[in-house]
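Protein chains in written order, with this note's numbering: chain A, 113 to 691; chain B, 113 to 691.
There are 2 protein chains.
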Amino acid sequence: MAKFLRVDMSSLEVKEEKLPEKYRKMGGRGLTSGFVLDEVKPDCHPLGKNNKLIFAPGMVTGTSAPSSGRISVGGKSPLTGGIKESNAGTPFAQNLARSGYKAIVIEGKPENDDKCWMLVLDSEGARLEEATVCKEKKTGATVNTLKEAYDNHDFALIGPAGEWKMAMAGICFNDPEYRASRYSGRGGLGAVMGSKGLKAIAVEKKMGKVEIENEDLFKQGQRKLVKGLRNHDVTKPGGTLNSYGTAALINVLDQAGGLPTNNFSSGTFEGAEKTSGETLAETVEKRGGKGMMGHSCHPGCIIQCSNVYPDEDGEELVSCVEYESDWSLGANLGIDNLDKIAEMINICNEVGVDTIEAGVMLGVAMEAGLAEFGDADKAIELLEEICENSALGRVLGNGASFTGKAYGVTRVPTVKDQGMPAYEPRAVKGIGITYITTPMGADHTAGYTIAPEILSVGGELDPLSPEGKAELSRAYQATTAFVDSSGYCLFTTFALLDDEEAMEGMVETVNGVLGTDYTAEEIVEEGKEILKKEREFNKRAGFTKADDRPPEFMREEKLPPHNGVFDVTDEELDSVWDF
Amino acid sequence: MAKFLRVDMSSLEVKEEKLPEKYRKMGGRGLTSGFVLDEVKPDCHPLGKNNKLIFAPGMVTGTSAPSSGRISVGGKSPLTGGIKESNAGTPFAQNLARSGYKAIVIEGKPENDDKCWMLVLDSEGARLEEATVCKEKKTGATVNTLKEAYDNHDFALIGPAGEWKMAMAGICFNDPEYRASRYSGRGGLGAVMGSKGLKAIAVEKKMGKVEIENEDLFKQGQRKLVKGLRNHDVTKPGGTLNSYGTAALINVLDQAGGLPTNNFSSGTFEGAEKTSGETLAETVEKRGGKGMMGHSCHPGCIIQCSNVYPDEDGEELVSCVEYESDWSLGANLGIDNLDKIAEMINICNEVGVDTIEAGVMLGVAMEAGLAEFGDADKAIELLEEICENSALGRVLGNGASFTGKAYGVTRVPTVKDQGMPAYEPRAVKGIGITYITTPMGADHTAGYTIAPEILSVGGELDPLSPEGKAELSRAYQATTAFVDSSGYCLFTTFALLDDEEAMEGMVETVNGVLGTDYTAEEIVEEGKEILKKEREFNKRAGFTKADDRPPEFMREEKLPPHNGVFDVTDEELDSVWDF
């Protein structure tokens with residue numbers, strides 16, 4: 113029987129339920145978005161008892177499929193007011209998949225918030241235990257405390273920002289070495305977890321194994337996919353991601369004039385080189401960080417794009433310096449110092465907030481005059497306000513749109529109140545369309561058209577041209593919705609796009625595990641069904657076409673160096689949903 | 113030629129334009145909402161250059177029609193994100209009407225905000241003058257400064273809160289004795305004025321007179337209306353409003369169980385009597401305030417419901433202690449001390465924010481733990497944070513919804529992000545429907561069903577019953593949209609509802625001035641047309657039925673003493689718009 117866990121935080125009861133038949137062949141995002149549409153009142157307060165928080169590992173997560181250790185978390189977002197799915201790579205995802213539960217649904221909320229709780233899932237069963245000892249503890253200290261008592265478990269947890277119900281709070285997971293460093297960061301789901309009084313979830317390792325319906329087909333697919341990943345320049349051992357991490361994109365976007373700088377007022381950054389993936393790798397090597405580049409977020413990843421950044425003495429400072437964090441806390445703030453950027457990432461990880469939203473928020477705060485662009489020390493002070501839960505911290509901790517409104521700023525780069533990631537829509541039109549039309553709020557991972565627009569992967573398109581980009585974004589969004597359900601890391605798609613056999617392999621692994629019969633075309637249709645559900649939830653929550661629009665300033669202010677505005681028409685934007 | 117003034121704050125140009133023919137017979141709210149729908153981009157940033165701010169006196173304003181000195185201000189609201197009309201009674205309205213300009217349209221915004229400006233309209237013409245000497249000055253000091261240079265003028269102006277673009281900033285007008293005390297308070301239009309760098313507007317007295325098409329008809333109507341107002345218990349000299357001011361409602365609503373107390377957690381307040389209109393009148397008399405009750409907001413008002421509140425030494429403290437301010441800063445905060453309430457009203461008036469929103473915001477702040485209910489001194493400290501423009505002040509100055517979001521509060525009594533006024537929807541269903549469905553955000557003046565539900569004016573209905581209340585609210589909203597266009601004070605409607613001849617008289621004055629041929633039925637239809645325009649703007653701005661819903665807690669938490677929830681169905685709410 114396919115089953116899931118339902119956890120009622122009002123009564124503190126945990127029970128096992130049969131998974132509805134329609135979800136038996138589903139996983140990850142498809143499952144979380146399905147539950148949200150079916151069970152969450154679209155007009156509920158995101159921090160009230162009627163919201164729910166759903167954890168679901170992907171379809172193939174927990175198997176030996178490469179780079180598939182991902183978990184989706186879903187609910188109604190306190191940041192956007194719409195549906196949210198945010199995923200992360202972590203051994204926790206694999207443990208949960210192997211436990212036999214296809215999802216955990218957290219609902220209700222305790223009468224008062226003097227205590228906090230942890231859900232434990234291990235050989236002794238599933239239960240809530242008091243975790244008040246960790247109340248308002250930062251993430252690193254929380255993991256350290258928890259793993260003393262639960263020494264064979266991996267963890268999902270929130271930092272103080274989540275407990276304080278800040279709308280940019282994320283949900284943190286440990287990496288294989290128990291660093292509190294992997295994040296379902298976007299959309300404030302940490303605040304939802306906090307509102308329910310749930311500090312953490314612990315799932316024991318090796319509780320069982322994922323059932324595979326057709327072992328031969330699975331293995332055949334796995335071989336093809338591994339081969340594809342090992343052959344592709346972006347994902348192969350010693351390839352771009354493995355050598356430089358995602359920060360390899362800093363120089364690439366800067367050269368394309370699409371690296372948002374100083375709160376999206378320019379597309380190039382003087383300090384790009386100093387914060388590039390190349391400089392990062394060099395710095396890590398120079399400081400003696402053996403194994404610090406090419407790190408994995410979960411066992412079984414063969415791409416290994418993560419890293420651990422050391423300080424000047426070679427001591428571990430933070431994991432990981434990801435492109436989007438490097439950019440948001442670097443170029444976007446006019447800051448060109450990797451050590452300072454790493455320090456800021458660490459503050460975000462520890463207090464438990466999304467680094468992208470934090471950086472976009474700081475850009476808006478700088479626009480408001482709370483700091484000068486380029487002033488890293490002042491930016492760090494502002495992040496410390498969040499850690500202190502001060503009045504200013506409560507403004508900043510609620511994100512970029514909120515900070516903009518607090519200070520009457522009109523240049524606020526958000527869609528559906530979520531901060532835009534590291535690709536400038538005026539210079540890369542397809543990704544702009546994704547930001548604007550995805551039900552998630554501005555999110556590059558929702559339809560990463562950067563592949564053909566910038567990286568010459570899956571084709572080669574002029575990033576400045578709006579031509580055909582609505583269809584492109586639609587296709588990418590649909591495929592992504594499926595990939596986010598499969599449990600595969602989005603980075604597998606580089607190989608999938610360029611290598612037909614790798615694509616076949618991916619589909620075969622899914623069919624092997626689930627006993628399904630998907631074709632490559634059908635997964636796109638399956639992805640569209642997921643998008644429709646998400647869009648339907650947002651519609652019921654009050655979203656309209658007016659929410660699928662760029663920030664006003666991007667239609668009016670020309671962006672250097674190309675000096676163009678965002679010229680995709682409203683009609684083209686709306687056409688993304690013509691299916 | 114009917115004409116209006118267009119003021120471009122980008123180029124600092126002022127020009128006279130012909131009023132479009134369709135607006136020649138219109139005034140007040142009908143005019144501001146028409147301009148907003150025609151000229152304001154619905155998706156513009158409310159504080160950006162594409163928003164506009166429109167001032168329009170009513171149809172009969174400036175004539176000798178009784179209690180008709182009202183002005184409407186319209187624009188896109190930074191508080192609600194929707195259309196806004198907010199009106200006030202002031203001699204400024206009468207001057208503007210007599211100047212011959214049917215409206216002033218303020219648009220654009222200066223490149224930077226180091227200076228601020230004043231629009232002057234007098235015998236020397238219409239022009240912008242620098243007003244930087246008044247930058248960030250409070251309202252009282254601003255009026256004092258301005259009237260030295262412009263000694264035969266009345267003023268519209270903003271306080272520092274408007275200049276700081278806080279979303280609960282109002283637009284202030286002087287009363288006949290030059291107190292900065294009359295407000296178009298709701299919806300944050302003061303922030304729109306601030307964003308445009310416009311500190312004030314000065315209009316000279318007696319620039320001309322309002323043209324009356326049919327003097328005999330006008331005079332006939334005027335006589336009937338004056339008679340009606342002088343006969344009605346609520347509006348007659350020595351009647352309820354004249355003797356006790358609007359605060360007469362404190363005891364009435366308390367007895368009905370509809371006086372929202374401690375952030376809408378009860379419908380009765382132990383301290384009601386101590387903050388009642390009766391106690392207010394007694395206190396004013398005892399302290400020797402001759403003429404301090406029964407004060408007028410503009411010359412020619414025969415209701416005279418305003419007041420001037422003296423301190424213990426008989427010295428003027430503030431004008432005026434209105435029911436909604438008395439409630440919002442009193443019962444809603446568990447505060448039963450009139451002197452403290454008056455002090456808070458004064459702080460709001462001086463910094464330039466809406467007293468209703470301020471009180472609802474403080475209730476939410478108390479819910480968040482920033483102060484205890486009943487702690488007036490701490491409440492005053494919180495208001496002082498606004499005056500200091502501190503980080504906390506920026507949170508609070510952006511209103512109740514914003515403060516709730518900043519602190520993760522779920523019991524937030526707002527609709528469309530505007531704070532609910534002094535009547536509890538769970539105890540008075542009709543007014544709840546008005547709050548929820550009006551395009552303005554929660555607003556009692558948009559369809560004051562309190563008349564038949566509580567005051568036995570215009571009928572007598574059970575306030576607790578939802579029966580027939582959607583139709584009731586629709587009829588009141590439509591009539592009100594016309595009254596708000598006419599220039600008449602809403603309080604004339606008590607007589608209009610109970611006295612057919614008074615109603616005839618009102619319509620005759622309008623027909624007399626404009627040369628129109630309205631019947632009493634037709635003005636309701638005219639009101640509906642205005643509502644449709646407002647609703648259309650909101651629709652284009654992205655509003656849906658999901659925005660016409662009560663706060664979640666009012667559907668779930670029972671309100672003492674009647675222990676009912678808000679039980680008007682979604683279908684009934686939506687039916688308000690079936691016309």
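All C-beta atoms in this analysis are idealised placements derived from N, C-alpha and C, irrespective of residue type, glycine included.
>> Assuming Met615 of chain B is part of the alpha helix (DSSP H), what are its boundary residues?
In response: 612-626
> Excluding sequence positions up to five away, which residues of its chain have a Cβ less than 7 Å from the Cβ of Gly676 of chain A?
Replying inline: Arg538, Leu576, Lys670
> Is there at least one non-hydrogen atom of the ligand PLP closer than 7 Å to the beta-carbon of Thr549 of chain A?
Replying inline: With respect to the ligand PLP, the structure shown offers nothing to examine, as it has no ligands at all.
> Does any C-beta atom of chain A lie closer than 8 Å to the C-beta of Leu584 of chain B?
Replying inline: no
>> Please state the DSSP three-state secondary structure of Met230 of chain A.
In response: strand
>> Rounding to the nearest angstrom, what Cα-Cα distance links Gly193 of chain B and Glu248 of chain B in this structure?
In response: 25 Å
> Is the distance from the Cβ of Thr592 of chain B to the Cβ of Gly639 of chain B below 8 Å?
Replying inline: yes
>> I'd like the span of the alpha helix (DSSP H) that includes Leu482 of chain A, first residue to last.
In response: From DSSP, Leu482 of chain A is part of no alpha helix (DSSP H); its letter is neither H nor E.
> Looking at the C-beta of Cys156 of chain A, does it have a partner C-beta in chain B at a distance below 8 Å?
Replying inline: yes
>> So, under 8 Å CB-CB, Leu191 of chain B and Gly553 of chain B are touching, yes? Tell me the CB distance rounded to an integer number of Å.
In response: 7 Å
>> By the three-class DSSP mapping on this structure, what secondary structure does Cys499 of chain B have?
In response: helix
>> Closer than 7 Å between beta carbons: that is the criterion. Which residues of the segment 586-607 of chain B meet it against chain A?
In response: none
>> Taking CB distances under 8 Å as the criterion, tell me whether Arg506 of chain B reaches chain A.
In response: yes
> Along chain B, in chain order, which residues have C-beta atoms closer than 7 Å to that of Phe285 of chain A?
Replying inline: The premise fails here: Phe285 of chain A is roughly 23 Å from chain B at the closest Cβ pair, so nothing lies under 7 Å.
> Around the C-beta of Gln206 of chain B, are 16 or more other C-beta atoms found within 10 angstroms, so that it is buried, or is it exposed?
Replying inline: buried
>> Counting only Cβ-Cβ distances shorter than 9 Å, please list the residues of the segment 640-667 of chain B near chain A, keeping chain order.
In response: Lys651, Arg652, Ala653, Gly654, Phe655, Thr656, Lys657, Ala658, Asp659, Arg661, Pro663, Glu664, Phe665
> Since Val569 of chain A contacts Leu609 of chain A with CB under 8 Å, what's their CB separation in whole angstroms?
Replying inline: 5 Å
>> Short of 9 Å Cβ to Cβ, which residues in the segment 489-506 of chain A face chain B?
In response: Glu497, Ser502, Ala503, Leu504, Gly505, Arg506
> By DSSP, does Val396 of chain B sit in helix, in strand, or in coil?
Replying inline: helix
> Which word fits Glu87 of chain A, buried or exposed, when buried means at least 16 other C-beta atoms lie within 10 angstroms of its C-beta?
Replying inline: What is shown of chain A runs 113 to 691, which leaves residue 87 of chain A out entirely.
> How would you label Ala261 of chain A, buried or exposed, when you count the other beta carbons within 10 angstroms and need 16 or more for buried?
Replying inline: exposed
>> Under DSSP, the alpha helix (DSSP H) around Gly142 of chain B begins and ends at which residues?
In response: 140-151
> My guess is that Val185 of chain B and Leu301 of chain B are in contact by the Cβ rule of under 8 Å, so how many angstroms apart are they, rounded?
Replying inline: 5 Å
>> Since Cys499 of chain A and Ile459 of chain A should fall inside the 8 Å C-beta cutoff, what is the C-beta to C-beta distance between them, to a whole number of angstroms?
In response: 7 Å
>> I'd like to check one pair, His410 of chain A with Gln416 of chain A: are the Cβ atoms closer than 8 Å?
In response: no
> At least one CB of chain A closer than 8 Å to the CB of Asn510 of chain B: is that the case?
Replying inline: yes
> So does the segment 449-469 of chain A actually touch the segment 477-484 of chain A, counting three or more Cβ pairs closer than 8 Å?
Replying inline: no
> Mind pulling the beta strand (DSSP E) runs of 3 or more residues that sit fully within the segment 286-358 of chain A?
Replying inline: 292-296, 310-316
> Would a check of beta-carbon distances place Leu301 of chain A closer than 8 Å to chain B?
Replying inline: no
>> Here's the rule: buried if 16 or more other CB atoms are within 10 angstroms of the residue's CB, otherwise exposed. What is Thr681 of chain A?
In response: exposed
> Excluding sequence positions up to five away, which residues of its chain have a Cβ less than 7 Å from the Cβ of Ala488 of chain A?
Replying inline: Ile447, Asn449, Lys452
> Does the beta-carbon of Val245 of chain B have 16 or more other beta-carbons within 10 angstroms, so that it is buried, or is it exposed?
Replying inline: exposed
>> By the DSSP assignment, the alpha helix (DSSP H) with Ile635 of chain A in it spans what residues?
In response: 632-652
>> Under DSSP, the beta strand (DSSP E) around Ile183 of chain A begins and ends at which residues?
In response: 182-188
> Going along the segment 520-534 of chain A in order, which residues come within less than 7 Å of chain B, judged by CB to CB distance?
Replying inline: Gly520, Thr522
>> Can you pull the chain B neighbours of Phe514 of chain A, defined as C-beta to C-beta under 9 Å?
In response: Phe514, Lys517, Ala518
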